[in-house]
Structures are given as structure tokens and as C-alpha cells.
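Asker:
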Amino acid sequence: MPLLTMSGITKSFPGVRALDGVDLDVEEGEVHCLLGQNGAGKSTLIKVLAGAHQPDAGDISWQGRPVRLSSPVAAMRLGIATIYQELDLVEHVSVAENVFLGHEIATRGIVRPREARARTAQLLARLGHPEIDPGALVGSLSAAGAQIVSMARALSHDVRLIIMDEPSAALDPDEVDNLFRIVADLTADGVAVVYISHRLEEIRRIGDRVSVLKDGRVAARDLPARTTPTHELVARMTGRDVQYAFPEKPVTGAPRADPVLVAEGLARAGEFGPLDLELRPGEIVGLAGLVGSGRSELLETLYGARRPTAGRVLVDGQPLRPGSIVSAVRAGIGLAPEERKSQALLMLESVTRNVSVSSLPRFSRGGWLDRVRERAEARRHTRELGLSPDDPDRPVRTFSGGNQQKAVLARWLLRGCRVLLLDEPTRGVDVGARAELYAVIRRLADSGVCVLLVSSELPEVLGLADRVLVLREGRVVHAAPSHELDEHRVLDLVMEGSPA
Amino acid sequence: MNSPTGVADTPKVPSPPANGAPAKRRTPLDVRHLSLIGVLLALAVVGAFTKPDEFLAAENLRLILTQASVIGVVTVGVTFVIIGGGIDLSVGAIVALASVWATTVATQDFGLGGMLLCSVLVGVGCGLVNGLLIAYGPMVPFIATLAMLASARGLALQISDGKTQVVTVESVLDLGVKDAYVLGIPPIVLVFAVVCVIGWLLLNRTTFGRRTVAVGGNPEASRLAGIAVKRQRLLLYLLSGLCCGIAAFMLIVLTGSGQNTNGNLYELDAIAAAIIGGTLLSGGRGTILGSVLGVLVFTTITNLFALNNLQTDIQQIAKGAIIVAAVLVQKGRSSHD
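If you read the protein sequences in the order shown, they are chains A and B.
Convert by adding 1 to the 1-based position in the first sequence; the result is the number in this note's numbering.
Convert by adding 2 to the 1-based position in the second sequence; the result is the number in this note's numbering.
(1) Using a 10 Å radius around the Cβ and a threshold of 16 neighbouring Cβ atoms, would you call A147/A buried or exposed?
(2) Quick one: is W369/A near chain B, going by C-beta distance under 7 Å?
(3) Would the beta-carbon of E339/A fall within 7 Å of that of E425/A?
(4) Is there a C-beta anywhere in chain B that falls below 7 Å from the one on I326/A?
(5) Using a cut-off of 7 Å between C-beta atoms, extract the partners of Q344/A located in chain B.
(6) Under a Cβ-count criterion, where at least 16 other Cβ atoms within 10 Å of its own Cβ denotes burial, should G186/B be classed as buried or exposed?
(7) Just reading off the beta strand (DSSP E) that F307/B is part of, what are its end residues?
(8) When burial is assigned at 16 or more other CB atoms within 10 Å of the CB, is H232/A buried or exposed?
(9) Pick helix, strand or coil for C418/A, following the three-state DSSP scheme.
(10) Which of the three DSSP states is assigned to I2/B in this structure?
(11) Classify I273/B as helix, strand or coil using the three-state DSSP reduction.
(12) Within the 7 Å Cβ cut-off, does F51/B reach chain A?
(13) Closest to V430/A by C-alpha separation, out of L276/A, Q405/A, L423/A, E249/A, would be which residue?
(14) Can you confirm whether the region 86-102 of chain B touches the region 228-247 of chain B when touching is taken to mean that 3 or more C-beta pairs between the two stretches lie within less than 8 Å?
(15) Using DSSP with H/G/I as helix, E/B as strand and the rest coil, what is Y304/A?
(16) Distance cutoff 7 Å, beta carbons only. Does P482/A sit that close to anything in chain B?
(17) Please list the terminal residues of the continuous alpha helix (DSSP H) segment that includes T52/B.
(18) Give, in chain order, every residue of the region 204-221 of chain B whose Cβ lies closer than 9 Å to some Cβ of chain A.
(19) My understanding is that G80/A touches L156/A, with C-beta atoms under 8 Å, so please give their C-beta distance in whole angstroms.
(20) Starting from G286/B, find everything on chain A with Cβ-Cβ shorter than 9 Å and list it in chain order.
(21) For the region 446-472 of chain A, enumerate the residues whose C-beta is nearer than 7 Å to any C-beta of chain B, in chain order.
(22) So, at 8 Å on beta carbons, what are the nonlocal neighbours of I66/B in its own chain, with the 5 sequence-adjacent residues on each side left out?
(23) Are at least three pairs of beta-carbons, each pair with one atom in the region 318-331 of chain A and one in the region 396-411 of chain A, less than 8 Å apart?
(24) Tell me, please, whether the CB atom of V358/A is closer than 7 Å to any CB atom in chain B?
(25) Could you give the DSSP three-state label for L291/A: helix, strand or coil?
(26) So, at 6 Å on beta carbons, what are the nonlocal neighbours of L388/A in its own chain, with the 5 sequence-adjacent residues on each side left out?
(27) Just checking, does the region 284-296 of chain B make contact with the region 100-114 of chain B on the three C-beta pairs under 8 Å criterion?
(28) Name the residue from G65/A, Q64/A, D60/A whose alpha carbon lies nearest to the alpha carbon of S71/A.
(29) Quick check on Y196/A: does DSSP put it in helix, strand or coil?
(30) If you measure between the beta carbons of V211/A and A226/A, is that distance less than 7 Å?
(31) For A221/A, which beta-bridge partners are listed by DSSP?
(32) Quick one: list the residues of chain A neighbouring A230/B, beta-carbon separation under 7 Å, in chain order.
(33) Determine, using beta carbons only, whether C451/A and G335/A come nearer to each other than 7 Å.
(34) Reducing DSSP to helix, strand and coil, say where F364/A ends up.
(35) Who are the near neighbours of M238/A in its chain, counting only those whose CB is closer than 8 Å to its CB and skipping five residues on each side?
(36) Along the chain, which unbroken stretches of the alpha helix (DSSP H) at least 4 residues long are found entirely within the region 156-205 of chain A?
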């Protein structure tokens, strides 16, 4: 009898069916690997398993008995612990207090810190890290140390199943070895592990079985982790049902004009680089890479939102002031950031005001606004981009994700920007509206704007970009015209790092 | 959005000019303003019934407006700071320091112009320190202005030695007497009116106002949109300091003196008035009109209680209740959006 059986799990969010009838079973003492591209539904599935999301339909049984995981506490009581990618520890509090957070060792409300510290020390020793002081503040530990604490917290419960979401992402190679030793110890005790990672070589080392998720469905199950060839895993991850309509690319051939934006030896310690980059007018350059490969950091550094530790950015041959957004915007660079709501939009304001906010001096004399012109010009651009409904006086929060993104693009069109940096431009945009955004982006490029596109969705990068740079761990491992690449090849590159 | 009262009330109330294009959804008089006007009318009715001869007398109405003017000017500045995502706890202390500095014997030698200049410069100077600490420090506004509150009060006490500094400059004192009234309105009230109009224009018709709203509503998005967020924050505290300097001079004219106890708890009154006027404490939304109405409501309550010889403790309770009620109305409305 499997330890856990999930069948027909379905979960929808407004506009998206994140999980569509997913089945998963986990045996005692096995390492069950979950594979899938970004957006395939892995995170939603583990949140359902952790009790953080309630499924719309489907059954879960635990040790043969049907259960409802109505809350994280309910999941924890059964013995399901989750170690999230972004560790959920309280930094200003000691290791021991973090380990027993929410289930403190106490008598009638009075905590017994000495006992908590002693038991924490035992757990840390079991995890191979007796050197971590249970009294130390979590904020003073390394990323690897914090992860050990997170694991100690999971083990402080009577745990039968541990979910690990990309546990190796923040670890050095020797720390990864220790992690694998811990996983082996746990499984020897009969604890099951659901292991999520993008690194196929890890899955080969510790995995037992692999399930592949794709577009919210199970694309493959019961694959043997050690023997299934890479190309088969990749094929299962990529063979997709949804076809996107991409605008036609211009025929390349004639040498393009001189580059507008040039980055020379640009680097940020620990994040990316050093790397060189050239953007030419009319060209869409795609950046392919995993989350954490330094994509967003590179974009933000080009834009001046982060200060490079080495190298420089030039526009029309003139160097920008490092770490100055104002200087970048003045030179004609625009950014559509990854988190539209928190990083781009003024949610209380109308579309018009969101569009005009970067170009206010254009509508003002001595600080005095010409609101009629402001409205007319903003409207001209939102109309050009096909804002729907065509009413830029409405608050921006009443628009759909795709139309909000149009408002952000209109902001930079109005500003007359010549370099557009797009970070996940179609995140939270439904499939129909995507094609429309793709057409808009291509039209902008045709009008002479340089576009640098970051997307987790490979078809999007390949379908939209003229040239693709593959980023792995902060370095460009491959650069090629997009027609010379396909999804498999790029996935091989971002995962293995060496041309196959 | 469509309140049942909106239809009946909107045409009767004179609204600030809506330039050019029809501003359908941005009527300056929203439900919250109308409800504050309703509260004011209710208070007037109470006043007219309890003290029919005294409350509606021109002298008393002038008194209410005069009392509202000093705190009103401070509130306009504070409103900008809060809309811009900050808070200024030091306004009362700055008013005290400016009023003391401008009434020292040495300053009074320079006459009216010197005293006015001194008052304004002290205000702007304190605002500059606040702004530099907050924008470039960077310090949390609450802490930086709390520190300014303590030190400005202390400096005011040190300069005045705790004594009331009587103004001997005739031209200053003349501004407070009846002869200086314009069409029956004291100059202090006129200054308040001018500050309100300028504040309204600044917030609604200039790039400065637009950026204030943007920075308060979403500082990260503003930064990524290319707005110089730090400079904007600095300017906001400068503006608040300037308002304090002006208010301090108004207080000097009104009382004929400068005192280190001036402006006591102005910070709380100003913040409360802005909040009941609909300014979001988290920033990004607020109106000058709302703040002015908030000030008028509080001042009228104070006046009513004084006329009826009621204790100030009951008055404080009433103020507290109004703040809670106003915020609940605000919450109810935003959840309907």
C-alpha cells in the first residue's frame, strides 16, 4: 500500500487551470522526483500536498485512509513536512526557536528553552551539522545552514513524508553531497521524499521514480530515475498541447544598424557575468535560463536598478551612470518588470496616469501639467496597443493582466524609449491575450526598438526572439539565432550546461 | 460607487474647476467629503440649538476659522507627506521652535520681514534635516521625525528659557487686530485659504503632485518608472517644514508672542484630520479638501464643547470616536471597490 495516493487533483485559479486531474503516489522510503517546466503545476501540487491550497476536486489518501489536508497544520499532523525553496524562517530568532516554532516545548505556556536547545542539537547532529549552535540567530547562518535548520524543523515533527522544493539551488557541491547523505538516511528509516529539482544529474543520483508534469497534467509516471535517458525526460517535459501564435519574424540577412545598447564585461558578484551584450534596433533578443540563472538580475542591472560590480553599459556609445535608473531612462531604456503589480503599476491610479508617470516633464511647463495633452497622448498609445476596454480613465486594477501589461508598454512608448527590457511579459496573461502581446512586441521591434526578452517559457523565447542567449549560473553558455535552436536543445543547455 | 446621496447632493455643492475633459470618475467631492460636510452641518445644527445666539454669531464663526487656520496650514503639509508614503511627527515641535526663534529679541530687531523670514527658514531647515535623514539616511520616517520632535522642542525650550516671548513689533501685532480684516475676514484665515488653494493646485495640477501620489502608492514601481524617489521624499519634508514655518508665524500674530509650548500635539491633530479626510495612512491617496474638512470638523467640535462649558475629556472621546467612524467608513468603501 502506498504511503500517499493523490488522484484526480484539480485546482484552478482565476483564468488558469493549474492542475487538471493529477495522479501521484508515493511509497514509503522512496525518493519520488517531480519534473516539469516552470508553470507546469509543480508548486501548486506541493502546496496542495502541504495543505496550503485546497484542491477543487480529487482525492487524497494517506496510508490507505482518505484524508483532507485542510490546512498546513493538518498536513503536519499526518507527518507531511515541506521545505520550500524560499526558506520560511524567522531571521531574528534563534535556531532552536525556529525549529520549534508553532509547536514549542512548553509546560502550561511557559517555554522550556534548555530542552528545546538540547533537542535541536540532537536533530542537527543527526543532519550531520553538529557545529551549528542552537542558540545562534538564523540570520547569521549561511544559506546552507538555514536549509539545515529548515530540515531540522521538518524532522522535529514525527515526519513520514518530506517535500523538498529545489533544495540544492542554494548549495555548494559538497553541501549537496551532505544533503544527499541526509536524504539517504531518511529513506533508510522509511521516510518518503518528494524531490523537485531542475538538475537531472541529481535526480539520477538519488531518485527512485520520476513523475513529469506538463501544463497541469501528468505527462509521464513511474519512470525509473537512474536509467531514463535525458532526451526522453526532456521530451516528456516539452511536448505541449497549447500552441502559441507567434508573429512572423523578419528575414535576417542584411547587417543591422549599429547597436544601441552595449554591455561590456558586465557582472554582479554572485549573480551573473562577466558578460558582453549588444542590442540592435529592430532585434528581439531572448534570454533563456532557469529561475536563478541571473536573468532578472542582468535586466535590472542594465536598467540601473542594481549596481554592477564590474563592467559598464553604453547607449549610443555613451556610458550610463552605474546604478542609476534615472540615467538609464533618460538614455531611452524602459523596463517591464517581472512583478507587474508590485513593481510596475500604481494600482490605485487610472491607466492614463500609469502611462504618463515616466513622461511627466513632457506635459508640463514649470511643473504645471497640461492634463488635456497628457490624456490625449496616453490615449493615443493605449489605443495603438489595443487596450481593451478602450477607456484609459478607468483604474488600472480593473484591467486584465494582458491589458495591464499594455499599460506598462504604453508608458515606455510614450517616453519614446529605444531599448525595451521585458521580464516575463506574459506572466499572468491568458493564452488568447498572449498572441496579441507577442504581436505588439514584434511591432515595437519593427519600428526600431531593441527588445531584450526574459521568459521562463521556452516556446515564447524561441518563437518571439531573433537571437537567443542561453544563460546558466550567470554565464552565457550559448548564443545562436533562434531558428537554429529548438526546445530540447535549449533545455539540454540550461540543465546540463554543455552542448550535447 | 453610486451612493444614494450622491445623486441628490452633487449638483448643489460648488466643485473645484474640472479643467477641459470631463473627469467622470474623479469627482473631487466623493462620498467621504459629502459625509464630512454632513457632519459639519449636523454640528452646526447642534450648535444652533444649544447656543442659538452665540454659535452662529459672526464673531464665533470667525473664531472657529481662525483656530482652524494654524492647524489647517500644518495639516496641508502633513497631508502631502502622508500621501507620499511618509509621516511627520515633528510638526508641533517645529512650530514651537520657529515661533520661539522668530520672537527672540534679536530677531524682533529686524521687524516683521525678519521675523517672517526667520520663522519660515527655521521650518524649512527642520524639514531639510528630516528629509535628508529619511531620503538619504535612510531612516524610517517615524523615527527620524520623532527625533526631530524631541530635539526641536528641546531647542525651543533652551532658546526661550521656558519664558513667553512677547512681541513688541507693532506691524506684526497689527495683523491680528480688527482693522486688518479684509471684508470681515482676518488675514490669518486668508493665509490659510491661500495655502489650501496652492496645496490643491500643487497636488492636482503639477508634476510634483503626481509624483507624490506615485511615490506614496508604490515606491518600487515609481523607482522603476524612473522617478527620483529620494528627491521627492526630501521635497515633501521640506514642504511640511515650510508649512510649519508659516503656521508658526500665524500663531505669533494670533497670540502676540512666541512660546516653547506652542503647537502641542499638532502632529496628532494634523494626522487625525488628514485621516478622517480620507488620506490613506499607507500613502498613495488623499485630498486637500478632505483634510481641510477634517480640520474644520475638529475645530467646530472644540468650539461647541467650549461654548457649552463641557469638559475637554468628553471632547477628546468625541474626537476619538470620529476617527474610528471615519476609518470604518473608509474600510467599508474600499472593500466595495
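By construction, the Cβ of each residue, glycine as well, lies at the ideal position given by its N, Cα and C atoms.
Note that the coordinates shown come from a computational prediction; the quantities given were computed from them, not determined experimentally.
Answerer: So, from the listed chains and residues:
(1) As a position in the first sequence, residue 147/A is number 146, starting the count at 1. That one is buried.
(2) The sequence position of residue 369/A within the first sequence is 368, counting from 1. Yes, W369/A counts as interfacial toward chain B.
(3) Counted from its first residue, the first sequence places residue 339/A at position 338. Counted from its first residue, the first sequence places residue 425/A at position 424. Contact: yes.
(4) Taking the first residue of the first sequence as 1, we reach residue 326/A at position 325. Chain B, which has a Cβ nearer than 7 Å to the Cβ of I326/A, makes this yes.
(5) Position 343 of the first sequence, counted from the first residue, corresponds to residue 344/A. Near Q344/A (Cβ distances below 7 Å), the residues of chain B are E222, A223, L226.
(6) Locating residue 186/B in the second sequence gives position 184, where the first residue counts as 1. It is exposed - the Cβ of G186/B has fewer than 16 other Cβ atoms within 10 Å.
(7) Locating residue 307/B in the second sequence gives position 305, counting from the first residue. Element bounds for F307/B: not the beta strand (DSSP E) but the alpha helix (DSSP H), 290-309.
(8) For the purposes of this step, residue 232/A is identified with residue 231 of the first sequence, where counting begins at 1. It counts as exposed.
(9) For the purposes of this step, residue 418/A is taken as the residue at position 417 of the first sequence. In this structure, C418/A counts as coil in the three-state DSSP scheme.
(10) Look at the range of chain B in this structure, 3 to 339, and you will see that residue 2/B is not part of it.
(11) Residue numbering aside, residue 273/B sits at position 271 when the second sequence is read from its first letter. The answer is helix: DSSP assigns I273/B an H, G or I state.
(12) Residue numbering aside, residue 51/B sits at position 49 when the second sequence is read from its first letter. Not one chain A Cβ lies under 7 Å of F51/B.
(13) As a first step, residue 430/A must be located in the first sequence, where it is residue number 429. Measuring from the Cα of V430/A, the nearest candidate turns out to be Q405/A.
(14) yes
(15) For the purposes of this step, residue 304/A is taken as residue 303 along the first sequence, with counting starting at 1. Reduced to three states, the DSSP call for Y304/A is coil.
(16) Numbered from 1 along the first sequence, position 481 holds the residue referred to as residue 482/A. Judged by the 7 Å Cβ criterion, P482/A is not in contact with chain B.
(17) For the purposes of this step, residue 52/B is identified with residue 50 of the second sequence, where counting begins at 1. Here the alpha helix (DSSP H) through T52/B covers 33-52.
(18) L204, N206, R207, T208, T209, F210, G211, R212, R213, V215, A216, G219, N220
(19) Locating residue 80/A in the first sequence gives position 79, where the first residue counts as 1. Locating residue 156/A in the first sequence gives position 155, where the first residue counts as 1. G80/A to L156/A, Cβ: 11 Å. No contact.
(20) Position 284 of the second sequence, counting from 1, holds the residue named residue 286/B. In chain order: L347, M348, L349, E350.
(21) none
(22) Indexing the second sequence from 1 puts residue 66/B at position 64. Correct list, in chain order: L298, T301, T302, N305.
(23) no
(24) Counted from its first residue, the first sequence places residue 358/A at position 357. Answer yes: the Cβ-Cβ gap between V358/A and chain B drops below 7 Å somewhere.
(25) Position 290 of the first sequence, counted from the first residue, corresponds to residue 291/A. DSSP places L291/A in coil when its eight states are reduced to three.
(26) Within the first sequence, the letter at position 387 stands for residue 388/A. Counting only Cβ-Cβ distances below 6 Å, and skipping sequence neighbours, we find N404, K407.
(27) no
(28) Working through the first sequence from its first residue, we reach residue 71/A at position 70. Residue D60/A is the option with its Cα nearest to S71/A.
(29) Taking the first sequence and counting its residues from 1, the one referred to as residue 196/A is at position 195. Three-state DSSP puts Y196/A in a strand.
(30) Within the first sequence, the letter at position 210 stands for residue 211/A. Within the first sequence, the letter at position 225 stands for residue 226/A. Yes, the pair counts as a contact, with Cβ atoms nearer than the cut-off.
(31) Numbered from 1 along the first sequence, position 220 holds the residue referred to as residue 221/A. Per DSSP, V213/A.
(32) Looking up residue 230/B in the second sequence gives position 228. Near A230/B (Cβ distances below 7 Å), the residues of chain A are V327.
(33) In the first sequence, residue 451/A corresponds to position 450, counting from 1. In the first sequence, residue 335/A corresponds to position 334, counting from 1. Taking 7 Å as the Cβ cut-off, C451/A and G335/A do not qualify as a contacting pair.
(34) In the first sequence, counting from the first residue as 1, residue 364/A sits at position 363. Correct three-state label for F364/A: helix.
(35) Taking the first sequence and counting its residues from 1, the one referred to as residue 238/A is at position 237. Excluding residues within five positions, the ones whose Cβ falls inside 8 Å are L36, G37, Q38, A41, V213, K215, A220, L492.
(36) 174-189
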